[in-house]
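Enquirer: Have a look at this one.
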Amino acid sequence: RNLRRFLSDTMANTLRPYLNCIRHTLTAALCLRNFPSQVVERHNKPEVEMGGSKELLLNPITIARNESEKCMIEASVNSVRISVRIKQADEIEEILCHKFTRFLMQRAEQFIILRRKPVEGFDISFLITNTHTETMWKHKLVDFVITFMEEIDKEISQMKISVNARARIVAQEYMRQYVR
Amino acid sequence: PGRIWVKTPQLIQFIRQEVRRRDPMSSEEDLKASVTARAAKVSSMLSGDKGAALRTALADPPVTSKSAETKALNAVAVGDVITACGDGEIEAIIEGLSDTERDVLMKYLYKILGDVGQCDKSGQLLKWHSKLLKKTGMGAVVRSMTDRKTV
């Protein structure tokens, strides 16, 4: 247990600068305004999803902490798409991550800014539009995304620990019948 | 009075020749040559003044180049200087840069941070990023996202 706490402390030390960088980049990217569609009249679409007019899109920025953890921020005039690739060390974490993100994405309406499908190559995506920044505080939106990224790592490692503990108990109980 | 009317195709040809004559660095080969020369110069300066090495690497980035290799070459040169610097030197070096150089540095930081192949440098780059941000403010970040002239 002490080793785990030590590891989590050292992990947090390298995590902090990564999250701070994402926080500042996100604060810069979340300058959104209403922009009706130039293609279809009376329509208002998030331009980052439409991807049609180049003049409305900003340069996408990817911040990669290592091969398995990165964050891509694609901004446009009225919307921002944030895609996160969560660290998955082994197969159990892969399955847990996939199930957990699927659970969240099926309830995307409750989260408001969550996207129902992750972008290619990432595990989960957010879509923030000008309507969201008009109704919600921008710094709180950024806080939410950063806290989400922090918490999801912790949740997945906790789930993995409980899966392993349950498996150990089950195996013990099963093997008890053979031990005399 | 005194106006000379030249036929339009000839005028265009004349302007093109003038541009080529006055701006010899606009071709791809020239850009690549200047980038390779700069990379060699920077690697030779790495043992000495790191601030000067960084200023050389950041001078005149190949923003007009359409070749990804040329841009990658320059990014490698900048990345080498960044990894060669110790933690204590970062602030001093950033102080010594001009505003345009700081903007270019921010663009390069994001470019190298985005390259998963170079993720072993990410710790250093993130340190540079936070210190540079403290100096430049949000403007540099916004400019690296909005500037069409990508580094």
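Residue numbers (this note's numbering), protein chains in the order written: chain A, 334 to 513; chain B, 995 to 1145.
Here a beta-carbon is modelled for each residue, glycine too, at the ideal position from N, C-alpha and C.
1) Tyr511/A: buried (16+ other C-beta within 10 angstroms of its C-beta) or exposed?
2) At a Cβ threshold of 8 Å, is Thr1140/B touching chain A?
3) Indicate whether Leu1119/B and Ile1087/B have their beta-carbon atoms separated by less than 8 Å.
4) Tell me which residue opens and which closes the beta strand (DSSP E) that Val417/A is part of.
5) Going by the DSSP bridge assignment, what does Cys404/A pair with across the sheet?
6) Please list, in chain order, the residues of the segment 374-404 of chain A that have any C-beta partner in chain B closer than 7 Å.
7) Determine the DSSP secondary structure at Thr1058/B, reduced to helix, strand or coil.
8) Classify Asp1097/B: buried if its beta carbon has 16 or more other beta carbons within 10 angstroms, exposed otherwise.
9) Quick check: what's the CA-CA separation for Gly1073/B versus Ile1106/B?
10) Between Gly1090/B, Val1136/B, His1123/B, Ser1028/B, which has its C-alpha nearest Arg349/A's C-alpha?
11) Assuming Glu1022/B and Lys1060/B form a contact by the criterion Cβ under 8 Å, report the distance between their Cβ atoms to the nearest whole angstrom.
12) What are the residues in the segment 349-364 of chain A lying within 8 Å of chain B by C-beta distance?
13) In angstroms with no decimal places, state the Cα-to-Cα distance between Ala1134/B and Phe444/A.
14) Over what stretch of residues does the beta strand (DSSP E) that includes Leu460/A continue unbroken?
15) Going by Cα to Cα distance, which pick from Met1139/B, Val1145/B, Thr1144/B is closest to Met405/A?
16) For the ligand NAD, I want to know if Asp1093/B counts as a neighbour, meaning its beta carbon is within less than 7 Å of at least one of the ligand's heavy atoms.
17) Using 8 Å as the cut-off, can you tell me whether the segment 360-368 of chain A makes contact with the segment 462-476 of chain A, which would need three or more C-beta pairs spanning the two stretches below that distance?
18) Could you round the C-beta distance between Leu429/A and Lys387/A to whole angstroms and report it? I think they count as a contact, below 8 Å.
19) When you compare each of Ile1006/B, Val1075/B, Arg1137/B, Leu1005/B to Arg1032/B by their alpha carbons, which one comes out closest?
20) Check whether the Cβ atoms of Gln1071/B and Ala1051/B lie closer than 8 Å to each other.
21) Below 7 Å on C-beta distance, what does Tyr1104/B contact in chain A?
22) Sorted by chain position, which residues of the same chain lie with C-beta nearer than 7 Å to Lys1065/B's C-beta, five sequence neighbours on each side aside?
23) Out of curiosity, what's the CA-to-CA distance linking Thr358/A and Met1132/B?
24) Return the chain-ordered list of same chain residues with a C-beta closer than 7 Å to the C-beta of Phe455/A, the five sequence neighbours on each side being excluded.
25) Just to make sure I have the definition right: I need the residues of chain A whose C-beta is within less than 8 Å of the C-beta of Gly1117/B. Which are they?
26) Are Val373/A and Ala408/A close, meaning C-beta to C-beta below 8 Å?
Expert: With the given structure in hand:
1) exposed
2) yes
3) no
4) 412-418
5) Ile396/A, Val417/A
6) Leu391, Asn392, Ile394, Thr395, Ile396, Ala397, Arg398, Asn399, Glu400, Lys403
7) coil
8) buried
9) 7 Å
10) His1123/B
11) 7 Å
12) Pro350, Tyr351, Asn353, Cys354, His357, Thr358, Thr360, Ala361, Ala362, Cys364
13) 31 Å
14) 457-462
15) Met1139/B
16) The model depicted lacks the ligand NAD and carries no ligand whatsoever.
17) yes
18) Going by Cβ atoms, the distance from Leu429/A to Lys387/A rounds to 39 Å, so no, they are not a contact pair.
19) Val1075/B
20) Inspection of the sequence shows that residue 1071/B is occupied by Ala rather than by Gln. Closer than 8 Å, so yes.
21) Ile394
22) Pro1056, Ser1059, Val1145
23) 8 Å
24) Met405, Ser416, Val417, Arg418
25) Thr347, Pro350
26) no
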